[in-house]
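Reviewing the structure listed below.
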Amino acid sequence: MAKATARHILVDSEEKCQALKAEIEGGRDFAEVAKENSSCPSSRQGGDLGSFGPGQMVPEFDKVVFSGELNKVHGPVKTQFGYHLLEITSRS
Numbered sequence: 001m002a003k004a005t006a007r008h009i010l011v012d013s014e015e016k017c018q019a020l021k022a023e024i025e026g027g028r029d030f031a032e033v034a035k036e037n038s039s040c041p042s043s044r045q046g047g048d049l050g051s052f053g054p055g056q057m058v059p060e061f062d063k064v065v066f067s068g069e070l071n072k073v074h075g076p077v078k079t080q081f082g083y084h085l086l087e088i089t090s091r092s
């Protein structure tokens, strides 16, 4: 079965998500941005979600994690929780 590890940043608006993505693409550390801005409890670990398989996350999240490019910031991805920036750190 496929497995992935990823980290994310969860915010309440697409605009905030885009602004944070620009900061990361400009050289800011993903984990630091997550600790400062993410509303998810995973923010304490720099947005790290650990290892998970298909179907363990919401469908919009799964679609990106199991098909997107590794070590690239993806998003904004809208789910029922808000807007996410995702970084897939590994996949097997």
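At position 48 of the sequence shown the residue is numbered 48 (the UniProt record's numbering), and the sequence of numbers has no breaks. Glycine included, C-beta positions come from ideal geometry on N, C-alpha and C. Values in this document were obtained by computation on a predicted structure and should not be read as measured data.
Does any C-beta atom of chain C lie closer than 8 Å to the C-beta of residue i?
i, result
"aspartate 29", "Absent here is chain C; the protein component of the structure consists of one chain."
Per DSSP, which residues does residue i bridge with? Please list them.
i, result
"alanine 6", "Ile88"
Are the beta-carbon atoms belonging to residue i and residue j less than 8 Å from one another?
i, j, result
"alanine 6", "leucine 85", "no"
"valine 11", "glycine 82", "yes"
"alanine 31", "glycine 55", "no"
"glycine 50", "alanine 2", "no"
"residue 93", "alanine 34", "The chain is shown from 1 up to 92; residue 93 falls before or after that span and cannot be answered."
"leucine 70", "arginine 44", "no"
Exercise for the section: Decide yes or no for the touch test of the segment 19-39 against the segment 56-72: beta carbon pairs closer than 8 Å, at least 3 of them. Expected result: No, because fewer than three Cβ pairs between the segment 19-39 and the segment 56-72 fall closer than 8 Å, the two stretches do not touch.
Practice task
For the segment 74-83 and the segment 16-30, state whether three or more C-beta atom pairs, one from each stretch, are separated by less than 8 Å.
Solution key: Yes: the two stretches touch, three or more of their Cβ pairs being nearer than 8 Å.
Practice task
Tell me the start and end of each unbroken beta strand (DSSP E) in the UniProt domain "PpiC" (1-90) that is at least 3 residues and wholly inside, in chain order.
Solution key: Listed in chain order, they are 4-11, 48-52 and 73-79.
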